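Structure first, commentary second.
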Amino acid sequence: MTAMHLLIAAVQLAFTPYHANGTYAVRERIGWHVSVVPGQSAAGTYTYTVKRDGLAVIGTGTLDLTTGGGRATIETSLERPGMVLVEVRPPAGTPEAAFHGASKSEVGRVLLGAAVAPLEIRPSAPRPSDFDDFWATQLRRLDSVPVEPELTPHESGRDGVDYFTIKMNNVGGAHVYGQLARPKAPAPTCRRRSTTRCRS
Numbered sequence: 006m007t008a009m010h011l012l013i014a015a016v017q018l019a020f021t022p023y024h025a026n027g028t029y030a031v032r033e034r035i036g037w038h039v040s041v042v043p044g045q046s047a048a049g050t051y052t053y054t055v056k057r058d059g060l061a062v063i064g065t066g067t068l069d070l071t072t073g074g075g076r077a078t079i080e081t082s083l084e085r086p087g088m089v090l091v092e093v094r095p096p097a098g099t100p101e102a103a104f105h106g107a108s109k110s111e112v113g114r115v116l117l118g119a120a121v122a123p124l125e126i127r128p129s130a131p132r133p134s135d136f137d138d139f140w141a142t143q144l145r146r147l148d149s150v151p152v153e154p155e156l157t158p159h160e161s162g163r164d165g166v167d168y169f170t171i172k173m174n175n176v177g178g179a180h181v182y183g184q185l186a187r188p189k190a191p192a193p194t195c196r197r198r199s200t201t202r203c204r205s
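Structural data, given as structure tokens:
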């Protein structure tokens, strides 16, 4: 990856959580060690936003990886059980495709997550009185629709992997779409005795 053209080309960063399992206690320090991928150097200042439960912004900051040996930290904490979402963005002027995370939604950004006392998270609102009746009705509607799955093969781009898109019927004339990848099935092997037998 080149460092500079007319626009800044951001280098990829490595994020190491304080806890490998991503789970923390209430009021415990949550954090990530941030470093530049070996062999590269930071082209500017990165910014980050910390959200509680994916909505409320509880912190913002910058990461200057041009000093300190190309290392920095992101830290926060929660006063109650919940989820933490951190969004890291590259220096201003960086093309979106030049900085990304592992998922397709992480173009021009990297998302980090942590859970705080996840087994103690409680519903944010009372259970509706018609909750069970509502979902029983929706399930009956769904059961009345023939699934009729359509599996369409595509090139996976990887040796030894079959890739498909899938389409299924849903209620109200809508459809459900998905993707499926699986290892390629081994070719049948044959053994010749008195008759020829093939097995997969």
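Just so it is clear: in the sequence shown, position 143 is 148 by this note's numbering, and no numbers are missing. By construction, the Cβ of each residue, glycine as well, lies at the ideal position given by its N, Cα and C atoms. The model shown is predicted, which means the values in this text are computed figures rather than measured ones.
Per DSSP, the unbroken alpha helix (DSSP H) holding Asp-148 starts and ends at 136–148.
The DSSP assignment places 50–57, 61–69, 76–81, 87–94 as complete runs of the beta strand (DSSP E) inside the stretch 45–116, in order along the chain (cut-off: 3 residues).
Taking 8 Å as the cut-off, the Cβ atoms of Asn-175 and Glu-153 do not count as close.
Short of 6 Å from the beta carbon of Pro-22, and not among the five residues preceding or following it, lie these beta carbons of its own chain, in chain order: Trp-37. Here DSSP, grouped into helix, strand and coil, assigns Glu-125 to helix. When Tyr-182, Lys-189, Glu-125 are compared, the shortest CA-CA separation from Tyr-168 is found for Lys-189.
Under the 10 Å beta carbon count, Leu-156 is surrounded by fewer than 16 other beta carbons and is classified as exposed. Rounded to the nearest whole angstrom, the CA to CA distance from Val-41 to Gly-106 is 14 Å. Inter-residue distance for Gly-162 and Ala-186 is about 11 Å (C-alpha atoms, whole angstroms). The closest CA to that of Gln-184, considering only Ile-171, Ser-46, Thr-67, is found on Ile-171. When C-alpha distances from Gly-27 are compared across Glu-84, Ala-97, Val-91, the shortest belongs to Val-91.
DSSP places Gly-118 within a strand segment (E or B) once states are collapsed to three. Contact between Val-62 and Val-121 is absent: CB atoms are separated by about 16 Å, not below the 8 Å threshold. The C-beta distance from Ala-119 to Tyr-29 rounds to 6 Å, short enough to meet the 8 Å contact threshold. A distance of 8 Å or more separates the beta carbons of Tyr-51 and Arg-114.
Separation of Leu-83 and Leu-124 (C-alpha to C-alpha, rounded to the nearest whole angstrom) is 15 Å. Within its own chain, the residues whose Cβ lies closer than 8 Å to the Cβ of Val-150, once the five positions on either side in sequence are excluded, are Asn-174, Asn-175, Val-176, listed in chain order.
Following the DSSP letters along the chain, one finds Glu-155 inside the beta strand (DSSP E) bounded by residues 155–159.
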